[in-house]
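Trainee: Sharing a structure below in structure tokens format, with a few things to ask.
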Amino acid sequence: MNAESDERSEVAGQAAPASATGESDRVERELGSRAPGFIKASKALHLSWQVGVFIVGLGVVIAGVLMLVLPGPGWLVIFGGMAIWATEFVWAQLVLRWTKRKVTEAAQRALDPKVRRRNIILTTLGLVIMAVLAGIYVWKFGLTMPWKISE
């Protein structure tokens, strides 16, 4: 649960040249703890702050995992717990950056005209198949519910 990391200087070194050349339109935040200064000043207070953030984030992530099988927005809550952890822990910040990059790449691929056309064709084909199957069912059994069929 160390908020200070060697990866901070590596990532900061990678982010600085990109922003200096204008390749990135926004600067990524510095890695590390975002606790208030008076909490960082005391080692014991900062450690207890980190433990508290970890426990709250863990509770939110566990609730999200439970929501994967129960009703609720499971993945959204899991990422919310990761965001809570990312306020304090470098590893969570790196995971969220990686996740954001992958989601952005997937969104860009989905907007590709060839991929969109393929997805529209597959969706239409699936809907046609479901409509044909529903038509066959109604033709054979009428509008009778499946649990009331005696054949």
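Everything in the sequence shown is counted per our numbering, starting at 25 for the first residue and increasing by one.
Here a beta-carbon is modelled for each residue, glycine too, at the ideal position from N, C-alpha and C.
The model shown is predicted, which means the values in this text are computed figures rather than measured ones.
Check this for me: beta carbons of Val80 and Gly104, under 8 Å apart or not?
Mentor: No; because the gap between Cβ atoms is not below 8 Å, this pair is not in contact.
Trainee: For a quick check, are the C-beta atoms of Ser57 and Lys64 less than 8 Å apart?
Mentor: Cβ atoms of Ser57 and Lys64: closer than 8 Å.
Trainee: Can you give me the start and stop residues for the alpha helix (DSSP H) that Ser159 sits inside?
Mentor: Position check: residue 159 holds Gly in this sequence, whereas Ser was assumed. Residues Pro137 to Phe165.
Trainee: Using the Cα positions of Val77 and Leu90, report the straight-line distance between them to the nearest angstrom.
Mentor: If I take the Cα positions, the gap works out to 20 Å.
Trainee: List the endpoints of the continuous alpha helix (DSSP H) containing Leu118.
Mentor: Looking at the DSSP string, the run of the alpha helix (DSSP H) that includes Leu118 is Val114 to Ala134.
Trainee: Check for me: the alpha helix (DSSP H) holding Gly104 runs from which residue to which?
Mentor: Counting along the chain, the alpha helix (DSSP H) containing Gly104 begins and ends at Gly98 to Ala110.
Trainee: Taking 8 Å as the cut-off, decide whether the C-beta atoms of Met176 and Leu118 are in contact.
Mentor: Only positions 25 to 175 of the chain appear in the structure, and residue 176 is not among them; the question remains open.
Trainee: Could you check what DSSP says for Leu71 in three-state terms: helix, strand or coil?
Mentor: Helix.
Trainee: Can you give the Cα-Cα distance for Ile102 and Glu112, rounded to whole angstroms?
Mentor: C-alpha separation (whole angstroms): 16 Å.
Trainee: Which term fits Gly88, buried or exposed, when burial requires 16 or more other beta carbons within 10 angstroms of its beta carbon?
Mentor: When all chains shown are included, Gly88 counts as buried.
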